[in-house]
Amino acid sequence: MKLVLLGPPGAGKGTQAKRLAARYHVPHLSTGDILRSEVKAGSELGRLVEDKMGAGKLIDDETISSVVAGRLAQSDTVNGFILDGYPRTVAQANTLEQRLGSDGLTAVIELSVDEAELFDRIQARATEAGSAGAQARKDDNTAIFRKRLQTFAIETKPLSEFYASRGLLIQIDGRASADEVAAHIADHLPKHG
Ligand code: AMP
Numbered sequence: 058m059k060l061v062l063l064g065p066p067g068a069g070k071g072t073q074a075k076r077l078a079a080r081y082h083v084p085h086l087s088t089g090d091i092l093r094s095e096v097k098a099g100s101e102l103g104r105l106v107e108d109k110m111g112a113g114k115l116i117d118d119e120t121i122s123s124v125v126a127g128r129l130a131q132s133d134t135v136n137g138f139i140l141d142g143y144p145r146t147v148a149q150a151n152t153l154e155q156r157l158g159s160d161g162l163t164a165v166i167e168l169s170v171d172e173a174e175l176f177d178r179i180q181a182r183a184t185e186a187g188s189a190g191a192q193a194r195k196d197d198n199t200a201i202f203r204k205r206l207q208t209f210a211i212e213t214k215p216l217s218e219f220y221a222s223r224g225l226l227i228q229i230d231g232r233a234s235a236d237e238v239a240a241h242i243a244d245h246l247p248k249h250g
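Position one of the sequence shown corresponds to residue 58 (the numbering used here), numbered consecutively onward.
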């Protein structure tokens, strides 16, 4: 089971990716999580990407694609993976396609949620983190979130067409509850990987 989750920030990709990873027994690969842990560890990569992430900008295609290539080379991906947050540009999608070759993706799931709802969700996410005593993500504030949405519209949205033309795109209304969205996704996928 080799899946990509597409959708704007706050659409619920992480939540659904985790469920799919548990269901198909494959790893959940979130490039955002990988990068945040590098920043936290203060690694060279972390220092390289920190400012761009904080500003809601994408890091360059070459850097992120080599991070993903390294992760996909690990043995736990033999039966597949759930990619969350990658690819985010057409260049990244081309790189992934070349890497996977004929044994390509099973499907690409696009979660759509309108902007007003995304703003509500992101505010809720920051409030939840605050009341749990955790620090809210630096890029979960309104100005940066607006920038992330803009970046999504320009750089990432074209991937819907990219994958639709390959017959891989499954579009799901992401406004429902997490359980309902998960059920809609399940309707389109095989019971077992
Ligand atoms: P996310 O948690 O997926 O929203 O990612 C958080 C941030 O990490 C993004 O705003 C980007 O700065 C960076 N990032 C994550 N994935 C990618 C990617 N595929 N290409 C470029 N930048 C990325």
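Just so you know, even glycine gets a beta-carbon here, dropped at the ideal spot from N, CA and C.
Remember, it's a predicted structure, so these values are computed and weren't measured experimentally.
First and last residue of the uninterrupted beta strand (DSSP E) at residue i
{"i": "residue 167", "result": "164-169"}
{"i": "residue 61", "result": "59-63"}
{"i": "residue 228", "result": "226-230"}
{"i": "residue 85", "result": "85-87"}
Rounded Cβ spacing between residue i and residue j (contact assumed at less than 8 Å)
{"i": "residue 138", "j": "residue 62", "result": "Contact flag wrong, Cβ pair sits at about 11 Å."}
{"i": "residue 105", "j": "residue 164", "result": "Not quite, the Cβ-Cβ distance comes to about 32 Å (not below 8 Å), so this is no contact."}
{"i": "residue 187", "j": "residue 193", "result": "6 Å"}
Residue nearest to residue i in terms of C-alpha spacing, selected from the options
{"i": "residue 244", "options": "126, 74 and 229", "result": "229"}
{"i": "residue 129", "options": "211, 166 and 91", "result": "91"}
{"i": "residue 75", "options": "191, 84 and 67", "result": "84"}
{"i": "residue 143", "options": "65, 189, 203 and 96", "result": "65"}
{"i": "residue 199", "options": "214, 174 and 94", "result": "174"}
{"i": "residue 219", "options": "166, 150 and 205", "result": "150"}
{"i": "residue 171", "options": "206, 141 and 201", "result": "206"}
{"i": "residue 235", "options": "60, 59 and 77", "result": "77"}
{"i": "residue 225", "options": "140, 162 and 126", "result": "162"}
{"i": "residue 178", "options": "60, 69, 58 and 59", "result": "69"}
{"i": "residue 148", "options": "212, 73 and 141", "result": "212"}
{"i": "residue 95", "options": "124, 59, 239 and 140", "result": "124"}
{"i": "residue 241", "options": "176, 167 and 189", "result": "167"}
{"i": "residue 89", "options": "217, 145 and 237", "result": "145"}
Range covered by the alpha helix (DSSP H) that runs through residue i
{"i": "residue 157", "result": "147-157"}
{"i": "residue 202", "result": "199-208"}
{"i": "residue 139", "result": "Element bounds for residue 139: not the alpha helix (DSSP H) but the beta strand (DSSP E), 138-141."}
{"i": "residue 73", "result": "70-81"}
{"i": "residue 135", "result": "Element bounds for residue 135: n/a, residue is neither H nor E."}
{"i": "residue 212", "result": "That residue, residue 212, is in no alpha helix (DSSP H); it is neither H nor E in DSSP."}
{"i": "residue 109", "result": "101-111"}
{"i": "residue 118", "result": "118-129"}
{"i": "residue 245", "result": "235-245"}
{"i": "residue 187", "result": "172-188"}
Exposure label - residue i; buried when at least 16 CB within 10 Å
{"i": "residue 208", "result": "buried"}
{"i": "residue 101", "result": "exposed"}
{"i": "residue 113", "result": "buried"}
{"i": "residue 6", "result": "Residue numbering for the chain in the displayed model covers 58 to 250; residue 6 lies beyond these limits and cannot be assessed."}
{"i": "residue 196", "result": "buried"}
{"i": "residue 67", "result": "buried"}
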